[in-house]
Amino acid sequence: LNVLNPKRKTPNSFFCTIQRCQVPMARFVRCLRRTLCSTSSPSIPYRNPRIGLPSTQNPVLLISRKCLSSGSYVSEMQKSAFQGNILRLIRNEIDYELDHSPPLQPPNTFGPFTVDERPGEQWISLKRNFKEKEDIKIEATMFDKSVPTSKSTSTEPEYILHITFIVNISKGGAAEALEIMCSAWPDTIEISNLCVRKGSKSSPSSYGGPEFEELDDQLQDALYQFLEERGISNELAVFLHQYMKNKGKGEYVRWMESIKSYVEQK
12 LNVLNPKRKT
22 PNSFFCTIQR
32 CQVPMARFVR
42 CLRRTLCSTS
52 SPSIPYRNPR
62 IGLPSTQNPV
72 LLISRKCLSS
82 GSYVSEMQKS
92 AFQGNILRLI
102 RNEIDYELDH
112 SPPLQPPNTF
122 GPFTVDERPG
132 EQWISLKRNF
142 KEKEDIKIEA
152 TMFDKSVPTS
162 KSTSTEPEYI
172 LHITFIVNIS
182 KGGAAEALEI
192 MCSAWPDTIE
202 ISNLCVRKGS
212 KSSPSSYGGP
222 EFEELDDQLQ
232 DALYQFLEER
242 GISNELAVFL
252 HQYMKNKGKG
262 EYVRWMESIK
272 SYVEQK
């Protein structure tokens, strides 16, 4: 039958051939799958998940953080060195002033006046009572300007210092007060102008009178005598210049001490 009908053998041999080919094909597919799996995903994560898993942190950020931390450390070192240098210079300046020209203890009286140093301010106050009728208050600035002397030259300049002080005279606690503005030169005083102040309600635009030099000469002399009777004379000018020279030293050292205390704060 096989000889007479060879077509019956063909299907059997074809199926056998397919079956024989399916075995290596299946092996090939399995090998291909293993190859694809091994190349598509790294093998390290399966051996050590802690090492192989991708990191969520950007390595650039990690480097930047390291740079920032090292930069901050350097910045702190520079800041510390800068502060240390400032403190050293300030201490040297304070020591120099205290060693070479230390400020003296300021007097608290001048004649019948009591003196208020007013530490840390550019003013001092002097007060007294005159004949139990007048309350006299003087407020004087530190040196506020300088004027070249007649001997001053371009190569050897010479200056004299100027102090402004205001005399306020009130009677029996009255609201009105006589106010006299003066200049204190090294050995003399000068009246600039005077007016009557009506307490704190006085308008800044109110008429303040003429300049003192425009007044009659006899009236000028009488006003100088009026001040001298109350202890305001050329001796006061000498006292103010000596006092302010010493106060300037003390205020400078006090200022340096405040700067040093601030820099030392952390």
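Going by our numbering, 223 is the number at position 212 of the sequence shown; the sequence numbering is gapless.
Using N, Cα and C, we set each Cβ at its ideal position, and we do this for glycine too.
### Query
So K258 packs on P117, CB below 8 Å; how close in whole Å?
K258 to P117, Cβ: 7 Å. Contact.
### Task
Could you pull the start and end residues of the alpha helix (DSSP H) that M267 belongs to?
N245 to E275 is the span of the alpha helix (DSSP H), which, as asked, contains M267.
### Query
Measuring CA to CA, which of E128, L234, I270 and K144 is closest to S181?
It is K144.
### Query
Starting from D146 and walking both ways along the beta strand (DSSP E), at which residues does that stretch end?
Residues E145 to T152.
### Task
Leaving out five residues on either side along the sequence, give the residues of the same chain with a beta carbon under 6 Å from the beta carbon of D127.
Cβ neighbours of D127 beyond the five flanking positions: S136.
### Task
Use the C-beta contact count for L247: other C-beta atoms within 10 angstroms, 16 or more gives buried, fewer gives exposed.
The residue is buried, with at least 16 neighbouring Cβ atoms inside 10 Å.
### Query
Taking the alpha carbon of A195 as the point to measure from, which residue in K256, L234 and V249 has its own alpha carbon closest?
In this structure, V249 is the residue among K256, L234 and V249 with its C-alpha nearest to the C-alpha of A195.
### Query
Within this structure, are the beta carbons of S125 and T152 separated by less than 7 Å?
The question names Ser, but residue 125 is Thr in the sequence shown. For T125 and T152, no; Cβs fall outside 7 Å.
### Query
In chain order, what residues of the same chain have a beta carbon less than 8 Å from the beta carbon of W266, not counting five sequence neighbours either side?
Correct list: empty, nothing qualifies.
### Message
Pull the bridge partners of I177 from the DSSP assignment, please.
### Response
Note: I177 sits in a beta bridge opposite E150 and M192.
### Query
Is Y254 buried or exposed, if buried means 16 or more other CB atoms sit within 10 Å of its CB?
By the 10 Å Cβ count, Y254 comes out buried.
### Task
Would you identify the three-state DSSP class for S52, choosing helix, strand or coil?
Confidence at S52 is low in this model, with a pLDDT of 45, below 50, so the placement of that residue should be treated as unreliable; the coordinate-derived value is given next. For S52, the secondary structure class from DSSP, reduced to helix, strand or coil, is coil.
### Message
Using only CA atoms, which one of Y235, T199 and Y263 lies nearest to L205?
### Response
Nearest C-alpha to L205: Y235.
### Task
Using the Cα positions of P123 and N103, report the straight-line distance between them to the nearest angstrom.
Spanning the two alpha carbons is a distance of roughly 40 Å.
### Message
With the cut-off set at 7 Å, would you say N140 and I200 are in Cβ contact?
### Response
No, the Cβ-Cβ distance between N140 and I200 is not below 7 Å.
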